[in-house]
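Be aware that the sequence shown starts at 75, since it is given in my numbering, and climbs by one per residue.
Glycine residues also receive a C-beta, built at the ideal position from the N, C-alpha and C atoms.
Beneath this line is the structure, given in structure tokens, with notes to follow.
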Amino acid sequence: YKVKRGRSSRYLKDEAAMEAFFQEQATRVTVRNGEDRVLSDDEVAALSPALRAWRGRLRRLERRYPPALLEAWFRATGGTIGGDVDAWMAQVRRILAETEPELRVGTWRVEDGAVRVQVVRHGDEMDIVLADPLPRVDAEALRAAWDGVAAAGPLPLTLSVGSSVRIAESYLDAVEHVLTLSQQGWDVQRYKGLGEMNPDQLWETTMDPDARVLQQVTVGESSAADSMFTTLMGDAVEPRRNFIQEHALSVKNLDV
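See the structure below:
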């Protein structure tokens, strides 16, 4: 990526570097929480990395726990399963209806000190077990990430830069809104390949020995890699179709 504003410009290696860069610009964003309190500059500066940490922690768990469901649970209970389960599960259902309506909560029941929840997304049913702590999860890191975003105060968050305003109904939504608003006034150019660069840009980003990054690529499981390449890129259509159908609902980063 190349980001430019006025006479200032710089190259950023990848999407993670770009997010980190605009995270530093987050203090330009005005944030008002659900209590109509405007966060201080220090609070906004702390909120941006906290939001990314929360999103990152939920992404690590998303194959077992839908991120929106976990956030709704933490909003309703702080990540516990005590109290009136029916009451807070009804609250979880209401929160999901506002933040991610395609994820529907069906039935739930208390089982062995945990709450087993049936959720449905795009017709696909899942049984999710909510427990304190969650099994096979770094509970301390998850709670620390939650405490970081919860410090901003209750939702919704109203984020603005100048006349541009975004409403975040969830902390997950707030991550993208902060990134979008932090880019206000910056020109962002993405290079998909070296062939899109001019010679001087290629030298500055890739070829200059003082600035370039060398990466060593090794193949640990050559047979598995060859099988995957053959499935996805080979002449046989049937294995590729079967692979797509099997993994269609779990794909995350699709570049079409």
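For residue 233, the enclosing beta strand (DSSP E) stretches over residues 231 to 235.
Put simply, the backbone Cα of residue 319 is about 46 Å away from that of residue 110. For the pair of segments examined, the region 228 to 236 was found not to touch the region 200 to 218: the number of CB pairs separated by less than 8 Å stays below three. Separation of residue 177 and residue 242 (C-alpha to C-alpha, rounded to the nearest whole angstrom) is 18 Å.
DSSP, reduced to helix, strand and coil, places residue 114 outside both helices and strands of the structure shown, so it counts as coil. Taking 8 Å as the cut-off, the Cβ atoms of residue 113 and residue 226 count as close. With respect to residue 203, residue 188 sits close: the two C-beta atoms are nearer than 8 Å. Annotation for residue 189: the continuous beta strand (DSSP E) segment containing it runs 188 to 195. Taking a contact as a CB-CB distance under 8 Å, the pair residue 100 and residue 118 counts as one, their CB atoms being some 6 Å apart. In terms of CA proximity to residue 123, 222 leads the group 222, 238, 304. With contacts defined by Cβ atoms closer than 8 Å, residue 184 and residue 159 form a contacting pair. Rounded to whole angstroms, the Cβ separation of residue 170 and residue 143 is 7 Å, and the two are in contact under 8 Å. With a 10 Å radius around the Cβ and a threshold of 16 neighbouring Cβ atoms, residue 96 comes out buried. Straight across, the Cα-Cα distance linking residue 80 with residue 213 is about 45 Å. For residue 242, the three-state secondary structure derived from DSSP is strand. Per the C-alpha coordinates, the member of 262, 272, 289 positioned closest to residue 83 is 262.
Secondary structure note for residue 82: its beta strand (DSSP E) is the uninterrupted segment 82 to 85. Per DSSP, residue 155 lies in no beta strand (DSSP E) and is assigned neither H nor E.
In this model, residue 192 and residue 200 are separated by some 6 Å (Cα to Cα).
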